[in-house]
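For the sequence shown, numbering that gives the first Met the number 0 gives the first residue as 0, with consecutive numbering after it. For each residue, glycine too, the CB sits at the ideal point set by N, CA and C. Let me begin by presenting the structure, written as structure tokens, before commenting on it.
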Amino acid sequence: MIFRYSNRKSPMHGVNALAKLAAALLVSLAALSTTNLLVLGVVIFAEILTFSASYEPLTSAVRPGKWFFLLALFLVALQVLFWPYGKWAGFLNGCIIVLRLLALLYASKIMLLTTKPSDIAHSMAAARVPSQIAFVTSMALRLIPLLDYDFTETKQAFDARTRHVSSKGVLFQLKLVSAFVAASLERAETLALSLEARGFSLKRRKMPKIAFFAQDWAVFALSAGIFAVALAFP
């Protein structure tokens, strides 16, 4: 599933992008710096509460996707089979890896669902990230969901035109890929021109200023507290 901005009015949507970017970074570092299952559980529980503060349906927001479950099973099985300190220790280590990945997934998902790509780019520029990186990041965040939509539309169009064909072989796949690549190149060029026209120039001289309010400091303080707990209980 491709995560894209969800246009809602919620407490998390009202937090400025720089605070959310810092919070996502701190929470991700917290998940990576601890092997305590209880602390990892607290991190994930805090992220689930954040989903509720963004007014996203919990059933769809918390669901990581089939690919994640397959990856989790593969990683746990890999640790159980090849961990040198016993199968039980390997199982626990596999669970830690899976919980870390889940925490990272939720942190990025919250950021992408509640923040416009342009705001993310502005916050990166305000944090002194090179403008080239901010430009490419904003373009990627806008382009990837659009490419996902384009691929779905192209495939549905090809399926509708060839539904009476008994077999869809290599030629069908080549036509589908070529049509998708052509649409992607055109979409990328249009998006790049659009972003540059809106002020995402690589030669920007003035850095955007982002004001912090009480809710922004609260989100930052909460994430910093989670990071401190993770450091205290590694």
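Got a sec? Which residues, its chain only, sit under 6 Å from Ala241 by beta carbon, not counting five neighbours each side?
-> Summary: the structure shown does not reach residue 241, with the chain confined to residues 0 through 233, and so no result is reported for it.
Span of the alpha helix (DSSP H), counted from its first residue to its last, around Gly93 | Lys86 to Thr113
In three-state DSSP terms, what is Val164?
-> With a pLDDT of 48 at Val164, under the threshold of 50, the modelled position of that residue is not reliable, and the figure given next carries that caveat. DSSP places Val164 in coil when its eight states are reduced to three.
May I have the straight-line CA-CA distance separating Tyr148 from Ala187, to the nearest angstrom?
-> 13 Å
Apart from the five residues on each side of it in sequence, which residues of its chain come closer than 8 Å, Cβ to Cβ, to Ala45?
-> Val26, Leu221 and Ile225
Is the region 6-14 touching the region 59-76 in the sense that three or more CB pairs, one from each, lie closer than 8 Å?
-> no
Going by CA-CA distance only, name the one from Pro233, Leu140 and Gln172 that's closest to Thr273.
-> The chain is shown from 0 up to 233; residue 273 falls before or after that span and cannot be answered.
Leaving aside the five residues before and after Leu20 along the sequence, list all residues of the same chain whose C-beta is less than 6 Å from its C-beta, in chain order.
-> Ser122
Count the other C-beta atoms from every protein chain shown that fall within 10 angstroms of the C-beta of Ala133, then say buried if there are 16 or more, exposed otherwise.
-> buried
Go through its chain and collect everything with a Cβ distance to Pro233's Cβ below 8 Å, but skip five positions before and after it.
-> Ser32, Thr33, Thr34 and Asn35
Rounded C-alpha distance that separates Lys108 from Ile47 | 11 Å
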